[in-house]
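Which chain is which? The protein sequence lines are A and B, in order.
Our numbering puts the first sequence at residues 7 to 358.
Our numbering puts the second sequence at residues 7 to 358.
Note that beta-carbon positions come from the ideal geometry of N, C-alpha and C, so glycine has one too.
Number of protein chains: 2
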Amino acid sequence: MKILKNDIFIKACKRKPVERTPIWVMRQAGRYLPEYREIRKKYDFLTMCKTPELASEVTIQPVNLINIDAAILFSDILVIPEAMGLELKILENKGPVFLNPVRDKNDFLNLKKINPFKDLKYVLDSITITKNILNGEVPLIGFSGSPWTLLTYMIEGGSSKNFGKVKKLIYDEPDFAHLILDFLADAVTDYLNAKIETGVDAVQIFDTWGGILSPDMFNEFSLNYIKKIISGIKIKDKPVIVFSKGAYFALENIAESGADVIGLDWTSDIGNVRKRIGEKAALQGNLDPAVLYASIDKIRKEASKIIDSFGYGSGHIFNLGHGIHPDTNPDNLKELVRFVKQYSVKYHKSEN
Amino acid sequence: MKILKNDIFIKACKRKPVERTPIWVMRQAGRYLPEYREIRKKYDFLTMCKTPELASEVTIQPVNLINIDAAILFSDILVIPEAMGLELKILENKGPVFLNPVRDKNDFLNLKKINPFKDLKYVLDSITITKNILNGEVPLIGFSGSPWTLLTYMIEGGSSKNFGKVKKLIYDEPDFAHLILDFLADAVTDYLNAKIETGVDAVQIFDTWGGILSPDMFNEFSLNYIKKIISGIKIKDKPVIVFSKGAYFALENIAESGADVIGLDWTSDIGNVRKRIGEKAALQGNLDPAVLYASIDKIRKEASKIIDSFGYGSGHIFNLGHGIHPDTNPDNLKELVRFVKQYSVKYHKSEN
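Following this line, the structure appears as structure tokens:
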């Protein structure tokens, strides 16, 4: 395996000394880049996910164009339920939809137990190609949805405003919900193990809908399964990032889950969270993606507030608090990356 | 003015001794009630808002059917921007839409400065009729959207996933955003003053989208204007409730805003919040509306957890953490109300 030329992302995940704060951003391989839109014109989203050459190409775009410190494999969290047999459509302006959502035990029994080396081979092939092209330039992150977040889509059949169906399930039929979540946790564990074996340098678990649960329900229906996944990851030295959007109430518990890094959305003060979580995990975040709509001066000011708030020492990976908005000017992101790299140096001087 | 026969809601708002915890629920006048749906079959939503006899009838339904401790006037937060000149349509399955959203300074200058006694007379007439029919049975709550929440709809033109347009406005043209927010704060102040003069016993400010802002931006673009409204309310002895959904990070600041009561969604532990906020405000909430999908046993268990967590003494108004889901069984709500009234007695014994 190639030695990484730029490994400060990995070091910061492990809270080892670095010369500056690393930065990457969620959805950095995406629609805000004209170079991405050029490819997207020719292929639909799922074709891009499933064609290793295309997935690799857009994965690498922000490395060269934006100078980020880590690439994240272009894919979608819903490839797992799709491989299990749910028919996935991505509708313009409506997002992903499952044509045959899980509505009863029979639907669940019809789900296929997946083997990632066979059923999601295209993802692993994308990793191999991407790692070859990256040639150790920056690390490659692989990701999965959390079982809870996957369950919401599988039950609701798509995005939802109130999540009435999946909440009805967990309150009304908790045992059945646990059955599906356990099945999903096993699949996610196998999937992340396959990704790590194939070559990703870190993994992120996206728990996009963790924040819609009450604290107790979050522990029972989301965090329990994230813990199960983390303890099932075989190669232990690859950093694991857990991002439960909106689950501010659970940060202490997530820090005890075995995760190396906790992702934060922009509603937390990162300095306060650092005080709460102490030395249990590194923190990733947490600029509101909408700040990138502002002037360069404002972008610098908001980014510096986050870096100042985290303060001295390693353990911070700069990121947005959610995916970059598709109508962001890429020059603004480029300036953010340049600024974070330069401004953060002063907080790391004593470490080297 | 009639003396209230049941005033424990008002007393709890002021943290005065009560014999048990009062309860009402957001959207209690709504689609989960077959009696509401009967009327809704004949009239569209906006017609119901604008016809005082119909608005009163559905406002009173849960008083008789569910035995709640306060009525809340059936209306919509968007009647203010509509009265200012924005054309409002309620689309089935899509929610409210403004056909001519505010997109530039010219659109803003075209907004009409409203006089609630003229432009929203139908709301005040509904209050008069409702108060007459209620005949002091329970208090009547009036409400408004917060300026920030109204702004999101006026700029986005409806509900939104990312709130890209309104966030672009506050980051890119903050002065213009402040101009509109100030204009809205004046309108909301006049509107709430008119409601109080006409007879409502308490008011609630719904800041439904406060939680999408970072802590700094929340203070600047939402809370500042909520404070302005509260300080502009002329009759000072009517309780003011502020509910900023998702703004857990701001609860201390909201407690300093002059609000008598702070609404909580279900992602907070009410006992912890009580410790943080101390004796600054009463708390309202905070059962996940989805709990009402569960069995009666589970509903009782979850409700008792909240009452236990708040603990001894007055200052808690039981409510859901958000509006009741339209597909809730009304019998489950009825049982929740019965249970809260009975179970909470033990926490108030020493006060009387």
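Rounded straight-line distance, which links the Cα of residue j to that of residue i
| i | j | result |
| --- | --- | --- |
| B:L105 | B:N112 | 16 Å |
| A:S237 | A:F224 | 18 Å |
| B:K127 | B:T204 | 10 Å |
| A:R37 | A:V343 | 18 Å |
| B:A265 | B:K48 | 38 Å |
| A:Q290 | A:T65 | 20 Å |
| B:D337 | B:I302 | 10 Å |
| A:L10 | A:K119 | 35 Å |
| B:K234 | A:I74 | 43 Å |
| B:K173 | B:L140 | 42 Å |
| A:E341 | A:T57 | 31 Å |
| A:G325 | B:I133 | The residue asked about is misnamed: residue 325 of chain A is Asn in this sequence, not Gly. Between A:N325 and B:I133, the C-alpha separation is close to 50 Å. |
| B:D13 | B:I83 | 26 Å |
| A:N230 | A:A256 | 12 Å |
| A:K17 | A:N168 | 39 Å |
| B:D178 | B:L92 | 23 Å |
| B:L190 | B:K100 | 25 Å |
| B:I305 | B:L298 | 6 Å |
| B:D192 | B:S165 | 24 Å |
| B:R280 | B:A261 | 11 Å |
| B:L52 | B:F114 | 24 Å |
| B:K8 | B:L39 | 28 Å |
| B:N278 | B:E285 | 13 Å |
Selected residue, minimal CA-CA separation from residue i, among the options
| i | options | result |
| --- | --- | --- |
| A:K240 | A:L140, A:T195 and A:P295 | A:T195 |
| A:G142 | A:G36, A:F15 and A:D333 | A:F15 |
| A:H327 | A:S150, A:N73 and A:S250 | At residue 327 of chain A the sequence reads Gly, which differs from the His that was named. Of the listed residues, the one whose Cα sits closest to A:G327 is A:S250. |
| B:A300 | A:P145, A:M160, A:G170 and A:N230 | A:G170 |
| A:N116 | A:Y231, A:I186, A:R33 and A:E262 | A:I186 |
| A:I330 | A:A265, A:W272 and A:G319 | A:W272 |
| A:Q34 | A:H354, A:D333, A:A193 and A:I302 | A:D333 |
| B:E226 | B:A183, B:L84 and B:A208 | B:A183 |
| A:E44 | A:V31, A:T27, A:W30 and A:E63 | A:E63 |
| B:I176 | A:S81, A:A296, A:N168 and A:I72 | A:A296 |
| B:Q348 | B:S150, B:S320 and B:S310 | B:S310 |
| A:K352 | A:S320, A:L339 and A:K100 | A:S320 |
| A:I268 | A:K281, A:A287 and A:G148 | A:A287 |
| A:Y42 | A:S166, A:T27, A:I72 and A:K137 | A:I72 |
| B:P68 | B:D50, B:T53, B:A261 and B:P145 | B:P145 |
| A:G221 | A:G252, A:Y197, A:D207 and A:V206 | Residue identity check: residue 221 of chain A is Pro in the sequence provided, not Gly. A:P221 has its Cα closest to that of A:G252, out of A:G252, A:Y197, A:D207 and A:V206. |
Neighbourhood of residue i by C-beta distance below 7 Å, restricted to the same chain and skipping five residues each side
| i | result |
| --- | --- |
| B:S274 | Y254 and N292 |
| A:N358 | Residue placement at A:N358 cannot be trusted, given a pLDDT of 49 that sits under 50; what the coordinates show is reported in the next sentence. Only P23 and E25 meet the Cβ criterion. |
| B:A200 | P122, F123 and L130 |
| B:K20 | P245 and D266 |
| A:I232 | S152, I211, D213, V248 and S263 |
| B:V85 | C55, L126 and V129 |
| B:D110 | none |
| A:G163 | V103, F104 and P107 |
| A:I161 | P107, V108, K171, V172 and L175 |
| B:N259 | N225 and L229 |
Contacts around residue i, its chain only, beta-carbon distance under 6 Å, and the 5 residues preceding and following it disregarded
| i | result |
| --- | --- |
| A:E88 | L94 |
| B:W215 | T155 and T158 |
| B:I218 | F169 |
| A:I135 | P58 and S62 |
Partner residues on chain C for residue i, Cβ-Cβ distance less than 8 Å
| i | result |
| --- | --- |
| B:V108 | This model lacks chain C altogether, as its protein chains are A and B. |
Same chain, Cβ closer than 8 Å to residue i, neighbours up to 5 away in sequence not counted
| i | result |
| --- | --- |
| A:I276 | L270, L289, G291, N292, I312, S315, F316 and H322 |
| B:F149 | I78, L79, S81, I83, V209, Q210, I211 and F212 |
| A:E308 | L293, D294, V297 and A300 |
Checklist entry - Taking the runs of the beta strand (DSSP E) that are 3 residues or longer, which of them lie wholly in the stretch 116 to 159 of chain A? => result 146 to 151
Item to check | Uninterrupted alpha helix (DSSP H) stretches inside the stretch 36 to 66 of chain A (no shorter than 4 residues) | outcome: 40 to 48 and 51 to 56
Checklist entry - Which residues, in order along the stretch 153 to 176 of chain A, keep a beta-carbon less than 7 Å from a beta-carbon of chain B? => result N168, G170, K173 and K174
Checklist entry - What residues from the stretch 318 to 334 of chain B come within 7 Å of chain A, judged by C-beta to C-beta, listed N to C? => result H331 and D333
Next on the checklist: Please give me, in chain order, every unbroken run of the beta strand (DSSP E) with length at least 3 that falls completely inside the stretch 82 to 114 of chain A.
Outcome noted: 94 to 97 and 101 to 104
Checklist entry - Which of the residues in the stretch 264 to 278 of chain B, read from start to end, lie with their CB under 8 Å from any CB of chain A? => result W272, T273, S274 and D275
Item to check | In chain order, each beta strand (DSSP E) run of at least 3 residues that lies wholly inside the stretch 155 to 218 of chain A | outcome: 208 to 213
Checklist entry - Name the residues in the stretch 281 to 297 of chain B whose C-beta lies less than 7 Å from a C-beta of chain A; which are they? => result D294, A296 and V297
Item to check | chain B contacts made by the stretch 193 to 223 of chain A, where a contact means CB separation under 9 Å | outcome: G217, I218, L219, S220, P221, D222 and M223
Next on the checklist: Please give me, in chain order, every unbroken run of the alpha helix (DSSP H) with length at least 4 that falls completely inside the stretch 302 to 343 of chain A.
Outcome noted: 302 to 316
Item to check | chain B contacts from the stretch 70 to 81 of chain A (Cβ-Cβ distance under 7 Å) | outcome: none
Next on the checklist: Suppose only complete runs of 3+ residues qualify. What are the beta strand (DSSP E) ranges in the stretch 211 to 278 of chain A, listed by chain order?
Outcome noted: 246 to 250 and 267 to 269
Checklist entry - What residues in the stretch 36 to 54 of chain B bring their beta carbon closer than 9 Å to a beta carbon of chain A? => result none
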